[in-house]
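Note sheet for the following structure.
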Amino acid sequence: MSLKGRLIAAGVLAAAALITFGIAKSGKVITDKQEDTVFSGRKETLYLWYTDEALTSYLNGAAVTYNETHDVRVVPVLESGLEYLEEINSASLTEENGADLYVLSHDLLGKAYLAGLASEVKPPEGVQMEDGYIGTGLNAATYKDKVIGYPFYFETSALLYNKTYLKDMASGRLEAERLMAEEENSKGEGDQEAEGEEANSKESSFTEGEIAEKLQELLPSTIEDIETFADNYDAPEQVEGVFKWDVTDIFYNYFFVGNSIKIGGEAGWDTSQVDIYNRDAIESMRVYQDLNQFFSIDTDEIDYDTILDEFIKGKMVFTIATTDAVSRLEQAKEEGLFDYEYDVTLAPDVSENQTGRSLSMTNCVVVNGYSGNKGEANDFAYFLTSQYNDILYARAGKVSAAKGTAYDYEPLSRFAQEYERSISMPKMIETSGFWLGLESMFSQVWNGADANEMLKLLSEQVMSRVTGSPYEEQYIEEEMPQEEDDEFLDEEYDIQETLDEQQD
1 MSLKGRLIAA GVLAAAALIT FGIAKSGKVI TDKQEDTVFS GRKETLYLWY TDEALTSYLN
61 GAAVTYNETH DVRVVPVLES GLEYLEEINS ASLTEENGAD LYVLSHDLLG KAYLAGLASE
121 VKPPEGVQME DGYIGTGLNA ATYKDKVIGY PFYFETSALL YNKTYLKDMA SGRLEAERLM
181 AEEENSKGEG DQEAEGEEAN SKESSFTEGE IAEKLQELLP STIEDIETFA DNYDAPEQVE
241 GVFKWDVTDI FYNYFFVGNS IKIGGEAGWD TSQVDIYNRD AIESMRVYQD LNQFFSIDTD
301 EIDYDTILDE FIKGKMVFTI ATTDAVSRLE QAKEEGLFDY EYDVTLAPDV SENQTGRSLS
361 MTNCVVVNGY SGNKGEANDF AYFLTSQYND ILYARAGKVS AAKGTAYDYE PLSRFAQEYE
421 RSISMPKMIE TSGFWLGLES MFSQVWNGAD ANEMLKLLSE QVMSRVTGSP YEEQYIEEEM
481 PQEEDDEFLD EEYDIQETLD EQQD
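Written out as structure tokens, the structure is:
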């Protein structure tokens with residue numbers, strides 16, 4: 001899904017869908033079981049609103065489980081994502097069956113709180129939120145130093161790689177190292193002649209632990225490492241490229257500037273913490289721009305789904321992917337369409353001096369400030385996000401933001417590690433247009449625009465909204481690389497090499 005899709009999912013969320021489970025407002029179908037639940041009058045009823053149909057099975061299972069042991073009935077309500085908050089507000093003021101709690105993307109929490117639609121959550125007595133939820137999720141759920149939602153599930157991006165290719169490369173390196181060691185230690189010509197005969201029998205003699213250790217050495221941790229890998233990789237015939245990702249979507253690009261650009265601080269609401277135009281960001285964008293020449297990715301012919309399909313076919317070694325890749329790869333395995341091992345690691349650092357940091361989105365369970373059952377709603381929200389979350393991925397394909405979750409597949413734990421160090425999309429109303437502007441800037445820089453000028457322009461646009469008046473950044477002068485000195489050193493080296501040859 002593109003960033004534009006995520007922004008729609010965050011701002012207006014999913015398109016309207018028919019309700020299979022859950023109760024709805026006028027005009028929507030109510031099942032017999034749900035009608036009995038609502039009108040039996042034997043228990044207090046909590047209405048849980050959500051917009052993502054993928055959650056239906058999970059939420060209904062959670063509601064049934066909770067209903068069996070608590071003196072309340074939870075009724076999930078699948079709503080249209082169109083004007084979602086406005087609908088919640090309207091129903092809260094005019095209807096009896098309005099949302100007591102609801103699922104909301106974290107970047108809308110500020111708007112919800114200011115409208116009175118979100119109240120501060122309170123975990124059970126003696127429970128510390130920091131012990132139960134990943135820190136990034138808590139920052140995402142915080143507005144003006146108040147936690148106003150329980151972190152539910154997250155999305156972020158990380159480096160996906162073909163593990164089979166790297167294991168083969170690791171085995172090859174180990175074999176080369178073994179042969180080199182034998183050659184150095186050989187005592188006689190006979191040993192050297194036998195060496196070739198024994199090579200094939202020893203190729204598979206390395207343990208899984210040895211191969212795994214060498215694989216970790218080969219795994220790139222910076223963009224420069226990926227470039228070096230590409231220069232030295234003896235690719236199988238089916239591999240068409242070493243590294244390819246959707247450069248048109250800011251969600252997959254953001255790790256380049258995630259640690260150099262600041263928008264609202266760690267919790268994303270502080271307007272005094274905005275820093276877009278700085279030297280580190282400029283340098284990071286220049287690294288990004290140079291990759292266009294190195295990997296030659298045509299923006300007119302790619303998108304995330306196409307790239308993931310190519311990865312499944314074994315056409316590339318590395319890509320930047322979101323958590324949905326795990327389910328797609330596992331399904332492809334079951335269908336016999338993916339014949340490789342895969343794994344996930346942290347998004348690469350921009351350089352040895354510039355740390356990479358991905359963007360993340362967190363969906364939260366929010367207690368409606370207008371609900372007459374805030375205490376009961378708060379208790380169920382805590383249960384849903386921290387005590388019933390182990391089956392979240394299996395039922396809904398979502399990755400829990402709770403600590404200690406037993407993820408269905410090991411690569412999901414790697415995504416959780418990336419999420420832990422990621423930066424959340426801010427929730428400031430003043431920066432609501434920042435992401436589309438940033439995506440446009442990345443596109444222009446990729447195609448040759450000056451990174452310095454583009455960052456300066458973007459910062460001025462954002463700061464004008466934040467301050468409420470025209471804003472001008474002071475131009476940052478960059479140090480130009482000393483190419484002449486480098487050329488002189490090369491010439492000096494060539495001269496010395498010639499002299500050495502003459503002396504020999």
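Numbering (my numbering), first residue to last: 1 to 504. By construction, the Cβ of each residue, glycine as well, lies at the ideal position given by its N, Cα and C atoms.
Among the options, the one whose alpha carbon lies nearest that of residue i
i, options, result
"residue 377", "43, 72, 128 and 154", "72"
"residue 232", "368, 218, 410 and 345", "218"
"residue 263", "429, 474, 420 and 186", "429"
"residue 70", "44, 478, 358 and 106", "44"
"residue 53", "80, 67 and 63", "80"
"residue 411", "214, 331, 136 and 327", "327"
"residue 344", "158, 435 and 248", "158"
"residue 205", "403, 175, 423 and 237", "175"
"residue 107", "141, 298, 171 and 216", "141"
"residue 208", "236, 272, 170 and 450", "170"
"residue 234", "109, 258 and 173", "173"
"residue 284", "419, 442, 246 and 318", "442"
"residue 160", "94, 297, 237 and 252", "252"
"residue 419", "371, 467 and 363", "363"
"residue 296", "62, 446 and 475", "446"
"residue 96", "375, 371 and 444", "371"
"residue 145", "444, 318 and 267", "267"
"residue 254", "210, 298, 413 and 434", "434"
Segment limits, beta strand (DSSP E) that includes residue i
i, result
"residue 321", "316 to 322"
"residue 243", "241 to 243"
"residue 73", "72 to 78"
Supposed close pair residue i, residue j - CB separation, criterion 8 angstroms
i, j, result
"residue 281", "residue 260", "4 angstroms"
"residue 47", "residue 98", "7 angstroms"
"residue 134", "residue 416", "7 angstroms"
"residue 395", "residue 84", "The pair is not a contact, with the Cβ atoms about 22 angstroms apart (cut-off 8 angstroms)."
"residue 346", "residue 338", "So it is not a contact: roughly 23 angstroms between Cβ atoms."
"residue 453", "residue 250", "Rounded, the Cβ-Cβ distance is 19 angstroms, inconsistent with contact."
"residue 276", "residue 357", "Going by Cβ atoms, the distance from residue 276 to residue 357 rounds to 15 angstroms, so no, they are not a contact pair."
"residue 427", "residue 143", "6 angstroms"
"residue 139", "residue 115", "Actually they are not in contact, since the Cβ atoms of residue 139 and residue 115 sit about 21 angstroms apart, beyond 8 angstroms."
"residue 119", "residue 369", "4 angstroms"
"residue 402", "residue 132", "6 angstroms"
"residue 348", "residue 220", "6 angstroms"
"residue 367", "residue 256", "That pair is no contact at about 37 angstroms."
Cut-off 7 angstroms between Cβ atoms - residues of its own chain near residue i, not counting five sequence neighbours on either side
i, result
"residue 227", "294"
"residue 365", "101, 103, 149, 150, 152, 381, 384 and 385"
"residue 155", "322, 323, 360 and 361"
"residue 8", "Because residue 8 sits at a pLDDT of 45, beneath the cut-off of 50, its placement in the model cannot be relied upon, and the following sentence gives the value as read from the coordinates. Counting only Cβ-Cβ distances below 7 angstroms, and skipping sequence neighbours, we find nothing."
"residue 87", "79"
"residue 122", "378"
"residue 112", "85, 104, 118 and 366"
Residues bridged to residue i [DSSP beta-bridge criterion]
i, result
"residue 447", "Residue 447 pairs with nothing; no bridge assigned."
"residue 146", "143"
"residue 101", "48 and 367"
"residue 395", "In the DSSP output, where bridge partners are listed per residue, residue 395 has none listed."
"residue 419", "DSSP lists no partner for residue 419."
"residue 154", "362 and 399"
"residue 349", "222"
"residue 424", "360"
"residue 117", "Partner(s): none; residue 117 has no beta bridge."
"residue 343", "161"
"residue 262", "275"
8 angstroms CB neighbourhood of residue i in its chain, flanking five on each side removed
i, result
"residue 316", "162, 239, 240, 241, 242, 243, 244, 307 and 310"
"residue 408", "393 and 394"
"residue 373", "44, 46, 72 and 100"
"residue 437", "458, 461 and 462"
"residue 390", "400, 405 and 406"
"residue 352", "222 and 224"
Boundaries (first-last residue) of the alpha helix (DSSP H) holding residue i
i, result
"residue 287", "279 to 295"
"residue 304", "304 to 312"
"residue 84", "84 to 94"
"residue 379", "374 to 386"
"residue 173", "163 to 185"
"residue 251", "250 to 253"
"residue 69", "56 to 69"
"residue 132", "129 to 132"
Chain C contact for residue i (CB, 8 angstroms cutoff)
i, result
"residue 85", "This model lacks chain C altogether, as it is built from one protein chain only."
Proximal residues to residue i (C-beta, below 6 angstroms), its chain only, five neighbours per side dropped
i, result
"residue 465", "430"
"residue 470", "464"
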